[in-house]
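FYI, the numbering used here numbers position 152 of the sequence shown as 356, with every residue one higher than the one before it.
C-beta: ideal position from N, C-alpha, C; glycine also.
These numbers were taken from a predicted model, which means no experiment stands behind them.
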Amino acid sequence: MLSKELKKTFLEKKDLFTDILGQDNIKHQIKSALLMNRHIIIVGPPGIGKTTLAKNIAKLLPEGLKNFVRVQGSPDLTAEDLLGDINPIKALKYGPLSLEAFQKGKIFKADKGILFFDEINRCPEKLQNALLQVLEEGKATIGSYDVDFNIDFIFIGTMNPEDSSTERLSDVLLDRFDLIYMGYPETIEIEKKIILEKGEKLEVNFPEKLLHSAVHFVRLLREDEKLEKKPSVRASLGLYERAQSNALLQGRKTVKFEDIEEAVISVLAHRIQLKPSVKYLKDPSEFIREEFKKFLESAQELNERGEYR
Ligand SMILES: Nc1ncnc2c1ncn2[C@@H]1O[C@H](COP(=O)(O)OP(=O)(O)O)[C@@H](O)[C@H]1O
Ligand SMILES: [Mg+2]
């Protein structure tokens, strides 16, 4: 059983999920769930490292047990893609209902390992039902086939509950999982570290105070009550990268505040959504432009700006 193999690793080393900075509580919960072979879904908004974290788990699997299958949830994913289907050529040879004619789907490759289902709530209800049956009975029905699986795996899913293009997961399906709620980076220091570690770099200098301001602005937007969709870590990364390009295109070796300013609309406007009460008065670009102006005018930021202009 996978949990036995993982137990040794979990008890030996300290930070195992090194691809993700911070999120200690989440990492703890994942270890605690996996030690008991419990299926989990990591829940949270986009761009906070859910996929990265789940992929990090794959690296912990002991040698010889590297069965890690990734499935990307999408509306056109079918139960056949996941579970298997009839191979027409073999069906002609062995007969349409013979087990030889059944071609195993992706899920079988996860046996004794992990089935990683990214954005599970983006897949159709029919697939969810097929999955439920597998989790519950180790069995699946495909067309006229009743396939016995005897398949042993840990299920790790991710989902963004606010994704509007999704199916709600049924209560019976949710009842098979423990949910782990993940949020934005805990502190601005962690977020800056993520940016410096993961962001692309050009041959320009990015003053620490400017980086701080860019990330601070994104974090203030996240706290803004007028927003129903908030900018993610990808937004902070975007500001960091685009400000560098802007500086370089200006022929400068150092990023200035105006390089960030030039990037805010293109990086942020589509990444936010205003609450209905505000939406009809302002569009997101206008909102970002105004908020950034206010941000600049705030005393502290003016101070920083003065230093770099
Ligand atoms: N806590 C974190 N530590 C390290 N990288 C992070 C963190 N949060 C977000 N990222 C980075 O943000 C980007 C988006 O991460 P991803 O795993 O695709 O997010 P999600 O699946 O939640 O949409 C990646 O470049 C990832 O490395
Ligand atoms: Mg993801």
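Take residue i and list the residues in its own chain whose beta-carbon comes closer than 6 Å to its own, dropping the five residues that flank it on each side.
i       : result
Gln-477 : Glu-432, Lys-433
Arg-475 : Pro-435, Ala-439
Arg-513 : Any reading at Arg-513 needs caution, since the residue's pLDDT is 42, under 50, leaving its predicted position unreliable; the model's value is listed next. Once the five neighbours on either side are set aside, Arg-513 has no close Cβ partner at all.
Pro-488 : Ala-473, Ile-476
Asp-289 : Gln-307
Val-273 : Lys-310, Lys-313, Ala-314, Leu-319
Arg-372 : none
Do residue j and residue i come within 8 Å of each other at the CB atom, strictly closer than that value?
i       : j       : result
Thr-282 : Leu-339 : no
Ile-246 : Thr-362 : yes
Asn-333 : Gly-277 : no
Ile-168 : Ile-261 : No statement about residue 168 is possible, as the shown extent of the chain runs from 205 to 513 and does not include it.
Val-422 : Pro-389 : no
Val-419 : Ile-392 : yes
Leu-443 : Phe-499 : no
Val-515 : Phe-321 : One cannot answer for residue 515 here, as it falls past the ends of the chain, which runs 205 to 513.
Phe-359 : Leu-319 : yes
Val-459 : Leu-414 : yes
Leu-151 : Phe-221 : As shown, the chain starts at 205 and ends at 513. That puts residue 151 outside it, with no answer to give.
Gln-448 : Phe-496 : no
Lys-243 : Phe-381 : Note on identity: in this sequence residue 243 is His, with Lys being the wrong assignment. The answer is yes: Cβ separation under 8 Å.
Asn-271 : Ala-237 : no
Val-471 : Arg-446 : yes
Leu-441 : Lys-483 : no
Lys-316 : Asp-379 : no
Leu-239 : Lys-263 : no
Glu-341 : Pro-266 : no
Lys-479 : Lys-405 : no
Can you pull the DSSP bridge partners for residue i?
i       : result
Gln-276 : Asp-322
Leu-478 : Leu-431
Ala-344 : Val-351
Gln-307 : Asp-289
Gly-317 : Phe-357
Can you find the residues in the same chain that come closer than 8 Å, C-beta to C-beta, to residue i, ignoring five residues on each side of it along the sequence?
i       : result
Glu-284 : Gly-309, Ile-346
Lys-343 : Gln-337, Asp-350, Val-351, Asp-352, Phe-353
Tyr-298 : Glu-304, Ala-305
Asn-291 : Ala-305, Phe-306, Gln-307
Asp-219 : Lys-231
Thr-255 : Asp-322, Thr-362
Pro-279 : Arg-326, Cys-327, Pro-328, Ser-369
Spatial neighbours of residue i within its chain, please: C-beta separation below 7 Å, excluding the five flanking residues on both sides.
i       : result
Gly-387 : Gly-248, Ile-252
Ser-348 : Leu-301
Lys-457 : Val-408, Asn-409
Lys-396 : Leu-415, His-416, Val-419
Gly-226 : Pro-389, Glu-390, Ile-394
Pro-365 : Val-247
Arg-426 : Tyr-388, Lys-434, Pro-435
Ala-451 : Val-408, Thr-458, Val-459, Lys-460, Asp-463
Ser-207 : Leu-238, Leu-239, Met-240, Asn-241
So is the beta-carbon of residue i under 7 Å away from any non-hydrogen atom of ligand 4?
i       : result
Gly-299 : In the structure on display, ligand 4 does not appear, and the ligands it does have are ligand 1 and ligand 2.
Residues with a Cβ closer than 7 Å to any heavy atom of ligand 2, in chain order? In chain order, the hits are Pro-250, Lys-254, Thr-255, Asp-322, Glu-323, Thr-362.
Considering only residues of the region 235-265, which uninterrupted alpha helix (DSSP H) runs meet the minimum length of 4 residues and lie entirely inside it, listed in chain order? Taken in chain order, the whole alpha helix (DSSP H) runs of length 4 or more contained in the region 235-265 are 254-262.
Residue ranges of each beta strand (DSSP E) within the region 416-464, 3 or longer: The region 416-464 contains these whole beta strand (DSSP E) runs: 431-433.
Hey, which unbroken runs of the beta strand (DSSP E) at 3 residues or more fall wholly within the region 354-409? Secondary structure within the region 354-409: the beta strand (DSSP E) runs of 3 or more consecutive residues, fully enclosed, are 357-363, 382-385 (chain order).
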